[in-house]
Amino acid sequence: AQSVTQLDSHVSVSEGTPVLLRCNYSSSYSPSLFWYVQHPNKGLQLLLKYTSAATLVKGINGFEAEFKKSETSFHLTKPSAHMSDAAEYFCVVSVGPSGGSYIPTFGRGTSLIVHP
Amino acid sequence: EADIYQTPRYLVIGTGKKITLECSQTMGHDKMYWYQQDPGMELHLIHYSYGVNSTEKGDLSSESTVSRIRTEHFPLTLESARPSHTSQYLCASRGPQPDTQYFGPGTRLTVL
Numbered sequence: 163a164q165s166v167t168q169l170d171s172h173v174s175v176s177e178g179t180p181v182l183l184r185c186n187y188s189s190s191y192s193p194s195l196f197w198y199v200q201h202p203n204k205g206l207q208l209l210l211k212y213t214s215a216a217t218l219v220k221g222i223n224g225f226e227a228e229f230k231k232s233e234t235s236f237h238l239t240k241p242s243a244h245m246s247d248a249a250e251y252f253c254v255v256s257v258g259p260s261g262g263s264y265i266p267t268f269g270r271g272t273s274l275i276v277h278p
Numbered sequence: 004e005a006d007i008y009q010t011p012r013y014l015v016i017g018t019g020k021k022i023t024l025e026c027s028q029t030m031g032h033d034k035m036y037w038y039q040q041d042p043g044m045e046l047h048l049i050h051y052s053y054g055v056n057s058t059e060k061g062d063l064s065s066e067s068t069v070s071r072i073r074t075e076h077f078p079l080t081l082e083s084a085r086p087s088h089t090s091q092y093l094c095a096s097r098g099p100q101p102d103t104q105y106f107g108p109g110t111r112l113t114v115l
């Protein structure tokens, strides 16, 4: 079984300040973990993914996330928020044999609000 | 860049009408998914497919049906639309490696 918990439904920051979006997961096997971003009225876009390589993963638009197995966490960070970062962010966990079948589990989403 | 398409992008329709939401991908991916998402809310998996002639229901009960006759095409049909079907519908696909899902832009459905 697998599950994912996004600890904050809303995060509000000022432009130019750091961003932290928190995600905890549970999984019976070594997971693959993803962060997606969704802008209003758009589909989901992949920000970054962890698939058992380096624990610090760099993504697009200056985002990065660190896989911490001991804490079962995969928090998303960015050093300096930009107005265009305002969006909904989803943490996703999936497990399964390489190339095999699996159903990804989505978190409930965190809405990032960026103030000027 | 992912190549997955959904049509229409927006649809307003009356109660009782039959509708089909189209989803196509040109990446040759075997696995495809349909999600339902209300505004500002989480995604709910309603259907998925592991390949041609394979379809399964997801976690969220849905009155919709799907078919997978061709690898690239995964349409979703509502036989009789109701206002409770008003939502955004997102289609996704995934290849064998890596695990990444690629999402279409979504169809926003409004049933009056």
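If you read the sequences in order, they're chains B and D.
Just so it is clear: in the first sequence, position 85 is 247 by the working numbering, and no numbers are missing.
Just so it is clear: in the second sequence, position 72 is 75 by the working numbering, and no numbers are missing.
The beta-carbon is built from N, C-alpha and C at its ideal position, and this holds for glycine as well.
Remember, predicted model here, so these are calculated numbers, not experimental data.
Excluding residues up to 5 positions away in sequence, 275 lie with their Cβ nearer than 6 Å to the Cβ of residue 174(B) in the same chain. Inter-segment contact for the stretch 185 to 197 of chain B and the stretch 5 to 18 of chain D is absent: fewer than three beta-carbon pairs are separated by less than 8 Å. Under a criterion of Cβ atoms nearer than 9 Å, no residue of chain B is adjacent to residue 77(D); the nearest Cβ is some 15 Å distant. Per DSSP, the unbroken beta strand (DSSP E) holding residue 186(B) starts and ends at 185 to 189. Residue 271(B) reaches chain D at 45, counting residues in chain order whose Cβ is nearer than 7 Å. The beta carbon of residue 208(B) falls within 9 Å of a beta carbon belonging to chain D, placing the residue at that interface.
Non-local C-beta neighbours of residue 203(B) in its own chain, meaning closer than 6 Å and more than five positions away in sequence, are absent. By the Cβ rule, the stretch 166 to 180 of chain B does not count as touching the stretch 222 to 230 of chain B, because fewer than three pairs are nearer than 8 Å. In this structure, residue 208(B) lies near residue 222(B), with their beta-carbon atoms less than 9 Å apart. About 15 Å separates the CB atoms of residue 217(B) and residue 186(B); that is not less than 8 Å, and the two are not in contact. For residue 72(D), no pairing in a beta bridge is given by DSSP.
Of the candidates 109(D), 27(D) and 9(D), 27(D) places its Cα closest to the Cα of residue 74(D). Taking residue 76(D) as the centre and dropping the five residues before and after it, the same chain places the C-beta of 27 closer than 6 Å to its C-beta, in chain order. Straight through space, the alpha carbons of residue 58(D) and residue 52(D) are spaced by roughly 4 Å.
For residue 166(B) against residue 267(B), the beta-carbon gap comes to about 5 Å, under 8 Å, which counts as contact. For residue 48(D), the enclosing beta strand (DSSP E) covers residues 46 to 54. Among the CB atoms of chain D, one or more fall inside 9 Å of the CB of residue 198(B).
Listed in chain order, the non-local C-beta contacts of residue 25(D) below 6 Å within the same chain comprise 10 and 78, local neighbours out to five positions each way being set aside.
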